[in-house]
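Counting with my numbering, you get residues 1 to 349 for the letters of the sequence shown.
Read the structure below first, then the notes.
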Amino acid sequence: MSNDKFESQNKMVTKVWQFLDERLKFSTISYDIPKHGNNLSYCLGGITLFGFVLLFITGIYMAAFYHPEVSEANESVRLITASGLGSFIRGLHYWGGQAVLISIILHMVRVYITGSYKKPREFNWLVGIALLAITIGLLFSGTVLKWNQEALEAYMHNVEIGKMFGTLGMLLTGTTETFNLLTRMFMTHAILLPLLLIFLFMAHAYFIKQHEISPLPWHKKTPETVPFTSHLKKLTAYGLSFWVILGIFALVFPSPLGPAPIWGIEVTKPPWFFLTLYPLEDLFGVKAILYATILTFILLAAVPLIDRSKNREPRRRKLMIAGLLIALTLYIVLTLIGAFTPPRVHIGM
Numbered sequence: 001m002s003n004d005k006f007e008s009q010n011k012m013v014t015k016v017w018q019f020l021d022e023r024l025k026f027s028t029i030s031y032d033i034p035k036h037g038n039n040l041s042y043c044l045g046g047i048t049l050f051g052f053v054l055l056f057i058t059g060i061y062m063a064a065f066y067h068p069e070v071s072e073a074n075e076s077v078r079l080i081t082a083s084g085l086g087s088f089i090r091g092l093h094y095w096g097g098q099a100v101l102i103s104i105i106l107h108m109v110r111v112y113i114t115g116s117y118k119k120p121r122e123f124n125w126l127v128g129i130a131l132l133a134i135t136i137g138l139l140f141s142g143t144v145l146k147w148n149q150e151a152l153e154a155y156m157h158n159v160e161i162g163k164m165f166g167t168l169g170m171l172l173t174g175t176t177e178t179f180n181l182l183t184r185m186f187m188t189h190a191i192l193l194p195l196l197l198i199f200l201f202m203a204h205a206y207f208i209k210q211h212e213i214s215p216l217p218w219h220k221k222t223p224e225t226v227p228f229t230s231h232l233k234k235l236t237a238y239g240l241s242f243w244v245i246l247g248i249f250a251l252v253f254p255s256p257l258g259p260a261p262i263w264g265i266e267v268t269k270p271p272w273f274f275l276t277l278y279p280l281e282d283l284f285g286v287k288a289i290l291y292a293t294i295l296t297f298i299l300l301a302a303v304p305l306i307d308r309s310k311n312r313e314p315r316r317r318k319l320m321i322a323g324l325l326i327a328l329t330l331y332i333v334l335t336l337i338g339a340f341t342p343p344r345v346h347i348g349m
């Protein structure tokens with residue numbers, strides 16, 4: 001009798017699966033991928049996606065209570081922090097944004113080292129660069145939305161850069177305290193950039209599906225394969241672990257805020273992820289932010305054009321690997337200089 005019951009339940013599950021699969025085509029994800037796709041270094045893109053999902057969830061919660069007005073923004077963030085799980089959720093959002101940036105950079109370093117940007121994957125490399133740019137935009141706009149002294153000074157740097165583009169730049173940035181600048185920044189942070197992010201993630205996933213996960217450059221044999229469903233399980237395990245780590249950080253290290261800003265002074269330094277630009281700003285003024293950023297993204301976009309050989313083994317691409325090491329060293333050195341340099345006035349330089 002128990003066997004009959006089991007068979008009956010099994011048939012029911014099969015029918016439900018068939019019903020759903022006929023309509024939603026779940027079976028299309030039942031394909032093979034290289035086994036090395038389950039390695040942590042090849043799962044960094046999926047971990048990044050998990051990070052963005054967490055940022056969307058926590059962002060939606062905070063958006064329900066945030067007031068994008070110059071006179072109310074800082075206080076509304078304080079109220080969010082003081083209410084219920086607000087401090088924890090802000091902490092998740094704060095640490096999650098930084099962790100996502102780190103995971104994207106690590107992912108791009110892995111792609112660079114393994115030569116996974118080479119033909120036919122050049123367009124996906126460009127999509128990845130666009131995702132990095134959107135992430136930086138989200139970090140910047142999120143910094144401004146706190147509306148503390150750091151936020152105001154970050155915004156005023158944005159205004160200075162806007163002046164370099166003439167009328168168009170001023171229309172995009174605004175210049176006065178009374179102008180409702182935070183509403184526009186909030187719309188950019190909560191709607192425009194997330195929509196672009198979703199589109200780019202879909203494009204990224206499409207290209208990966210079309211060109212498959214790139215093979216290991218040091219293995220010439222046909223790689224061992226595993227079902228894509230096992231990859232999803234691995235990604236889920238890594239992603240949930242990522243969430244747990246962020247949860248611990250949010251509990252142990254609450255997100256800082258600071259008082260409402262004072263107009264007309266410049267006494268703070270940018271968050272660590274923008275500190276690389278600080279020494280350049282000391283030397284060349286605010287314009288260094290724009291020029292250094294443009295140069296960085298041009299060089300990143302040019303990587304597939306510079307390295308057009310079919311060889312993907314790192315040891316046979318010594319110049320490209322040397323270029324990566326020089327870039328990372330420069331990034332770290334400039335960040336450390338920025339960290340230990342005392343605050344200086346840059347607006348108007």
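C-beta: ideal position from N, C-alpha, C; glycine also.
Problem - Sequence ranges, alpha helix (DSSP H) only - wholly within the stretch 273-315, length at least 4 - result: 277-284, 287-306
Practice task
Closer than 7 Å by C-beta to Glu281: which residues in its own chain qualify, once you throw out the five before and the five after it? Chain order, please.
Solution key: The residue labelled residue 281 in the question sits at position 281 within the sequence shown. In the same chain as Glu281, and ignoring 5 residues on each side of it, the C-beta atoms closer than 7 Å to its own belong to Ala288, Ile289, His346, in chain order.
Handout entry: Coil, strand or helix - Thr188 by DSSP
Key = Along the sequence shown, one-based indexing puts residue 188 at 188. Correct three-state label for Thr188: helix.
Problem - 8 Å Cβ cutoff met for Leu334 and Pro279 - result: Position 334 of the sequence shown, counted from the start, is the residue given in the question as residue 334. Position 279 of the sequence shown, counted from the start, is the residue given in the question as residue 279. The beta carbons of Leu334 and Pro279 sit closer together than 8 Å.
Practice task
Name the one or two DSSP bridge partners that Ile33 has.
Solution key: The sequence position of residue 33 within the sequence shown is 33, counting from 1. For Ile33, which the question treats as bridged, DSSP gives the partners Val226.
Exercise for the section: Indicate whether Thr353 and Ser214 have their beta-carbon atoms separated by less than 8 Å. Expected result: Residue 353 falls outside the range modelled here, since the chain spans only 1 to 349, and no answer is possible.
Practice task
Note down, one range per segment and in chain order, each beta strand (DSSP E) of at least 3 residues found wholly within the stretch 53-80.
Solution key: none
Handout entry: Reduced DSSP secondary structure (H/G/I, E/B, other) of His266
Key = Taking the sequence shown and counting its residues from 1, one reaches residue 266 at position 266. Reading off the sequence shown, one finds Glu at residue 266, where the question assumed His. Three-state result, Glu266: coil.
Handout entry: Residue nearest to Tyr66 in terms of C-alpha spacing, selected from Ser76, Ile57, Thr58, Gly59
Key = Walking along the sequence shown from the start, residue 66 turns up at place 66. When only C-alpha atoms are compared, the closest one is Ser76.
Exercise for the section: Quick one: grab the DSSP three-state call for Met12. Expected result: The residue you call residue 12 lines up with position 12 of the sequence shown. Residue state for Met12 is assigned as helix, using DSSP reduced to three classes.
Exercise for the section: Check whether the Cβ atoms of Thr135 and Ile104 lie closer than 8 Å to each other. Expected result: As a first step, residue 135 is located in the sequence shown; it is residue number 135 there, counting from the start. As a first step, residue 104 is located in the sequence shown; it is residue number 104 there, counting from the start. Contact: yes.
Exercise for the section: Using only alpha-carbon positions, find the residue among Pro254, Pro342, Asn148, Tyr155 that is nearest to Gly91. Expected result: Stepping through the sequence shown from its first residue, residue 91 is reached at position 91. Residue Pro254 is the option with its Cα nearest to Gly91.
Exercise for the section: Pick helix, strand or coil for Thr341, following the three-state DSSP scheme. Expected result: On the sequence shown, residue 341 is found 341 positions in, with the first residue counted as 1. The answer is coil: DSSP assigns Thr341 none of H, G, I, E or B.
Problem - Residues near Asn38 in its chain [Cβ-Cβ closer than 7 Å; skip 5 each side] - result: Locating residue 38 in the sequence shown gives position 38, where the first residue counts as 1. Cβ-Cβ distances below 7 Å link Asn38 to Val226, Ser230, His231, Lys234 in the same chain, with the five nearest sequence neighbours on each side left out; the list follows chain order.
Handout entry: When Lys146, Pro343, Leu126 are compared against Val267, the one with the closest alpha-carbon
Key = The residue given as residue 267 occupies position 267 in the sequence shown. Put simply, of Lys146, Pro343, Leu126 the residue whose alpha carbon is nearest the alpha carbon of Val267 is Pro343.
Exercise for the section: May I have the straight-line CA-CA distance separating Gly96 from Ala250, to the nearest angstrom? Expected result: Along the sequence shown, read from residue 1 onward, the residue named residue 96 stands at position 96. Along the sequence shown, read from residue 1 onward, the residue named residue 250 stands at position 250. Looking at the two C-alpha atoms, the distance is approximately 9 Å.
Practice task
Could you have a look at Met164 and say whether DSSP puts it in helix, strand or coil?
Solution key: Counted from its first residue, the sequence shown places residue 164 at position 164. Correct three-state label for Met164: coil.
Problem - Sufficient close CB pairs (3 or more, under 8 Å) joining the stretch 151-170 to the stretch 117-128 - result: Counting Cβ pairs under 8 Å, fewer than three are found: no touch.
Exercise for the section: Determine the contact status of Ala73 and Leu182, defining contact as a CB-CB distance below 8 Å. Expected result: Here residue 73 is taken as the residue at index 73 of the sequence shown, counted from 1. Here residue 182 is taken as the residue at index 182 of the sequence shown, counted from 1. The answer is yes: Cβ separation under 8 Å.
Exercise for the section: Check whether the stretch 198-207 touches the stretch 128-147, counting contact only when three or more Cβ pairs, one atom from each stretch, lie closer than 8 Å. Expected result: yes
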